[in-house]
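>
Number of protein chains: 2
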Amino acid sequence: MATVNLEIIARDTKTRARLGKLHTPHGVIETPVFMPVGTQATVKTMSPDELKQIGTKIILSNTYHLFLRPGHELIKQAGGLHKFMNWDGAILTDSGGFQVFSLGDMRKITEEGVEFRSHLDGSKQFLSPEKATEIQTVLGADIIMAFDECTPYPSTYDYAKKSAERNTRWLKRCIKTFNSDDKQALFGIVQGGMYQDLREQSAQEILECDLPGYAIGGLSVGEPKEIMYEVLDYTVPLLPKDKPRYLMGVGSPDALIEGVIRGIDMFDCVLPTRIARNGTAITRYGKLVIRNAQFAADFLPIDESCNCYTCKNYSRAYIRHLLKANEILGLRLMTIHNLYFLLNLMAEIRQAISENRLLEYRNSFFANYGYENQ
Amino acid sequence: MATVNLEIIARDTKTRARLGKLHTPHGVIETPVFMPVGTQATVKTMSPDELKQIGTKIILSNTYHLFLRPGHELIKQAGGLHKFMNWDGAILTDSGGFQVFSLGDMRKITEEGVEFRSHLDGSKQFLSPEKATEIQTVLGADIIMAFDECTPYPSTYDYAKKSAERNTRWLKRCIKTFNSDDKQALFGIVQGGMYQDLREQSAQEILECDLPGYAIGGLSVGEPKEIMYEVLDYTVPLLPKDKPRYLMGVGSPDALIEGVIRGIDMFDCVLPTRIARNGTAITRYGKLVIRNAQFAADFLPIDESCNCYTCKNYSRAYIRHLLKANEILGLRLMTIHNLYFLLNLMAEIRQAISENRLLEYRNSFFANYGYENQ
Chain W
909 MATVNLEIIA RDTKTRARLG KLHTPHGVIE TPVFMPVGTQ ATVKTMSPDE LKQIGTKIIL
969 SNTYHLFLRP GHELIKQAGG LHKFMNWDGA ILTDSGGFQV FSLGDMRKIT EEGVEFRSHL
1029 DGSKQFLSPE KATEIQTVLG ADIIMAFDEC TPYPSTYDYA KKSAERNTRW LKRCIKTFNS
1089 DDKQALFGIV QGGMYQDLRE QSAQEILECD LPGYAIGGLS VGEPKEIMYE VLDYTVPLLP
1149 KDKPRYLMGV GSPDALIEGV IRGIDMFDCV LPTRIARNGT AITRYGKLVI RNAQFAADFL
1209 PIDESCNCYT CKNYSRAYIR HLLKANEILG LRLMTIHNLY FLLNLMAEIR QAISENRLLE
1269 YRNSFFANYG YENQ
Chain A
909 MATVNLEIIA RDTKTRARLG KLHTPHGVIE TPVFMPVGTQ ATVKTMSPDE LKQIGTKIIL
969 SNTYHLFLRP GHELIKQAGG LHKFMNWDGA ILTDSGGFQV FSLGDMRKIT EEGVEFRSHL
1029 DGSKQFLSPE KATEIQTVLG ADIIMAFDEC TPYPSTYDYA KKSAERNTRW LKRCIKTFNS
1089 DDKQALFGIV QGGMYQDLRE QSAQEILECD LPGYAIGGLS VGEPKEIMYE VLDYTVPLLP
1149 KDKPRYLMGV GSPDALIEGV IRGIDMFDCV LPTRIARNGT AITRYGKLVI RNAQFAADFL
1209 PIDESCNCYT CKNYSRAYIR HLLKANEILG LRLMTIHNLY FLLNLMAEIR QAISENRLLE
1269 YRNSFFANYG YENQ
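Heads up: the sequence lines are chains W and A, in that order. In terms of this note's numbering, the first sequence is residues 909 to 1282. In terms of this note's numbering, the second sequence is residues 909 to 1282.
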């Protein structure tokens, strides 16, 4: 049995959704799961205890950021990322590829890897499949990701093809570097842009590597959601039935539901925590911009039906005051609410799958949430 | 019995220190006590639950800030400050005097009150004894303070005398406005600068008002600590033995100990929370600037002998990383530590008083802490 493996508990017979238990060296995670993002070895504003209180079992952290600061060697000295940040749940690290490719003029891509300038101090840095794998091995996350290019949207067919083919070559270099004795699992990433035959080619090449899990990359990068769903419709069936499937960078409530319906087990996104800090709450009735003046004297909780710490104890008016006054507690309360909302949504989704009524759940969710919130 | 009263439990026979229970409408507080400051209806970075976990029973909040934002009328609508901020412990509000007098060119003092410009939007505002008392009544704190001028240091004898005499006249206007049915207690403030006869005159005038508690103001405003201790030496004996004594704006460990020795029951200061956010930890061995490079690879806790959440779970290296990366958790962990340190220091002081060994405690504390940290 692999270090990380998915035990499938139940399937929704009307969709591709499945209920599972993802076994990792740091605990068993009920899937489908949303993973809060802890970019710099902390989920912004939250303590590890608070993450646990809202039901978090796995978080994502970013190789690019930790490589530049405080440096993976320091985290190694600390005894690994779990110990450094006082998180004994599971961790998935991305490869840093997404961040370095996003640097635009500040990076240069070759077959060897990506040379780039640090966004912190402008220093010249280099990431490659080998380097990204070495860093992630040192960080010690339960799941580590292949170093690849997240194909931009839009991309020409030619660009998407060349990029996906290079990603396969890079994956093989990651695998060569990776030491599976390290109690970690390496996931591969299917790319191919919005082109079905490229997705098929990418999946076929990557599946030959027989990895413990597969991600779908290059989605939620600016394309209309209908296109994302279409890509999922033809890409998910290419992946093994018994391995975890991870849709990268997706975290809006509607896309989580639609992704699960299409067979996805794992998601991550900075959106819920980022918009929280901008003063926007996610609720089952849609988004509420708590910073807005309309909430100045509104003494209701963000959502009366929500059981999170924030909604049980604080009013919209108080939270708005904190946000306007630049008080950190405001950012904390907003973040707790948004993450709780998404984790609770996933729990409801899992319950619906176990009762074989996911489509009914989807319909009742959208009846409240409203399509304008998609 | 007054709304707020001090029950004296024990006295240290070698000093003026006393152990007490301060009864308030929101709980009984063991004294001597340090009150964390929650300027804008929140103790910066902390949740009310975290404040309770470290033993906080009373906090201070600022009339000036709450008057300007979100406005006392809004807090009234919310059901008062306790309810607005979800704090069911005791609250003391200052009068706003200290802040408006600190505005320099942006304020104009008359016998009637202080006209000033808001630091938020430059709008013209006015605070007077009547207005400050009205606002504090609406906020609903357990203890409210007289509106006065905190005499600056240095001040001429003439200025300090005129200021103290005006403070007495203003106190009488506060009392006239104050409605004691409001389940609140109004404390008077002894001023008089660093002049013994003015302190005596101020105390005498204010004591005639027979208030439930008295503060000593105008200290810790830039004068050498020896002068502050000297003023305490001759001012505290002027105050009633059975009423709480509050030394405003003092919160360094050495001054807390020296203040208690001189008969003080209550303290507040923004220092521990402010320096926490700047990366400086208070420990029994002195201050540690955790931001400094020397702690980059230091995997010890801030203080191995400390039992706070931060020291039990996180290393100096991790906290330094969070601070350097502008992560809010770093500010939280530092604040938790510094407040815990001071509240624990006060608990140790109370224990020492109960065992009649406060001077021995003082000496052993300073043997570790070092005079250079005063």
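Cβ atoms here follow ideal geometry from the backbone N, Cα and C, with glycine treated the same way. Computed from a predicted structure; not experimentally measured.
From the DSSP output, which residues share a beta bridge with N1194(A)?
The residue asked about is misnamed: residue 1194(A) is Gly in this sequence, not Asn. DSSP, once it has assigned bridges, lists T1191(A) as partnering G1194(A).
> Could you pull out every residue in the same chain whose Cβ sits closer than 6 Å to the Cβ of V1046(W), ignoring the five residues on either side in sequence?
These residues qualify, in order along the chain: H980, K984.
> Could you check how far apart the C-beta atoms of I1198(A) and I1236(A) are, in whole angstroms? I think they sit under 8 Å.
With 8 Å as the limit, I1198(A) and I1236(A) do not qualify as a contact, their Cβ atoms being about 15 Å apart.
> Straight-line CA distance for M1136(A) to M1174(A)?
About 16 Å.
> For K1032(W), which of helix, strand or coil comes out of DSSP?
If DSSP states are grouped into helix, strand and coil, K1032(W) belongs with the strands.
> Specify the secondary structure class of Y1142(W) as computed by DSSP and reduced to three states.
Correct three-state label for Y1142(W): helix.
> In the structure shown, what three-state DSSP assignment does T939(W) receive?
If DSSP states are grouped into helix, strand and coil, T939(W) belongs with the strands.
> Where does I1236(A) sit, in a helix, a strand or coil, going by DSSP?
It is helical.
> Taking the C-alpha atoms as reference points, what is the distance between R926(W) and L1147(W)?
R926(W) and L1147(W): Cα-Cα distance of roughly 14 Å.
> State the beta-bridge partners of R1153(A) as determined by DSSP.
Beta-bridge pairing links R1153(A) to Y1122(A).
> Hey, how far is the Cα of I1114(A) from the Cα of T1076(A)?
Those two C-alpha atoms are separated by around 6 Å.
> Could you name the residues of the same chain whose beta carbon sits closer than 7 Å to that of Q1282(A), not counting the 5 residues immediately before and after it, in chain order?
Any reading at Q1282(A) needs caution, since the residue's pLDDT is 47, under 50, leaving its predicted position unreliable; the model's value is listed next. Around Q1282(A): K1133, D1162.
> Rounded to the nearest angstrom, what separates T1181(A) and G997(W) at their Cα positions?
For T1181(A) and G997(W), the distance between alpha carbons rounds to 30 Å.
> Relative to the ligand ADP, is the shortest distance from any of its heavy atoms to the C-beta of T971(A) smaller than 7 Å?
The model depicted lacks the ligand ADP and carries no ligand whatsoever.
> Given a cut-off of 8 Å, decide if F1207(W) and A986(A) are closer than it, judged by their beta-carbon atoms.
In contact: A986(A) and F1207(W) (Cβ atoms closer than 8 Å).
> Any beta-carbon of chain W closer than 8 Å to the one on R977(A)?
By this cut-off, R977(A) is an interface position.
> Can you tell me the Cα-Cα spacing of I917(A) and Y1217(A), whole angstroms?
Straight-line Cα distance between these residues: approximately 31 Å.
> Which runs of the alpha helix (DSSP H) spanning at least 4 residues fall entirely within the segment 1010 to 1055 of chain A, listed in chain order?
Entirely contained in the segment 1010 to 1055 of chain A, the alpha helix (DSSP H) runs reaching 4 residues are, in chain order, 1037 to 1047.
> Under 7 Å Cβ to Cβ from K1091(W), same chain only, skipping five residues before and after it: list those, please.
These residues qualify, in order along the chain: T911, P933.
> Which word fits A1201(A), buried or exposed, when buried means at least 16 other C-beta atoms lie within 10 angstroms of its C-beta?
Answer is exposed; the Cβ neighbour count stays below 16.
> Any chance the segment 1023 to 1040 of chain W sits against the segment 953 to 960 of chain W, with 3 or more Cβ pairs inside 8 Å?
No contact exists between the segment 1023 to 1040 of chain W and the segment 953 to 960 of chain W.
> Within the continuous alpha helix (DSSP H) that includes E1057(A), where are the two ends?
Element bounds for E1057(A): n/a, residue is neither H nor E.
> Tell whether a beta-carbon distance below 8 Å holds between I1051(W) and G1126(W).
No, they are not a contact pair.
> So I999(W) contacts chain A; which residues on that side make the cut at Cβ distance below 7 Å?
Correct list: empty, because the minimum Cβ distance to chain A is about 15 Å.
> If you draw a straight line from the alpha carbon of F1274(A) to that of T939(A), how long is it in whole angstroms?
Cα to Cα, the separation comes out at about 21 Å.
> Using the Cα positions of K915(W) and V936(W), report the straight-line distance between them to the nearest angstrom.
Residue 915(W) is actually Glu in this sequence, not Lys. Spanning the two alpha carbons is a distance of roughly 10 Å.
> My understanding is that G1167(A) touches L1140(A), with C-beta atoms under 8 Å, so please give their C-beta distance in whole angstroms.
About 7 Å; that satisfies the 8 Å criterion.
> Just checking: is the beta-carbon of R1182(A) within a distance shorter than 8 Å of some beta-carbon in chain W?
Not an interface residue.
> Taking the runs of the alpha helix (DSSP H) that are 4 residues or longer, which of them lie wholly in the segment 918 to 985 of chain W?
DSSP runs (the alpha helix (DSSP H)) wholly in the segment 918 to 985 of chain W: 956 to 961, 971 to 976, 980 to 985.
> To the nearest angstrom, how far is it from the Cα of N1271(W) to the Cα of F942(W)?
The straight-line gap from Cα to Cα measures roughly 20 Å.
> For the segment 1003 to 1031 of chain W, which residues have a beta carbon sitting closer than 8 Å to at least one beta carbon of chain A?
Result list empty, no residue passes.
> Roughly how far, in whole angstroms, is the beta-carbon of I1043(W) from the beta-carbon of T971(W), given that I think they are within contact range, below 8 Å?
About 5 Å; that satisfies the 8 Å criterion.
> Can you name the residues of chain W whose CB is closer than 8 Å to the CB of M993(A)?
Going along chain W in sequence order, the residues near M993(A) (Cβ under 8 Å) are Y1226.
> With distance defined between alpha-carbon atoms, name the residue in T1188(W), L1266(W), F1086(W), Y1193(W) nearest to L1241(W).
The residue with the shortest Cα to Cα distance from L1241(W) is T1188(W).
> Would you report the Cα separation of N1252(W) and K952(A), rounded to the nearest angstrom?
Going by the C-alpha atoms only, they are around 29 Å apart.
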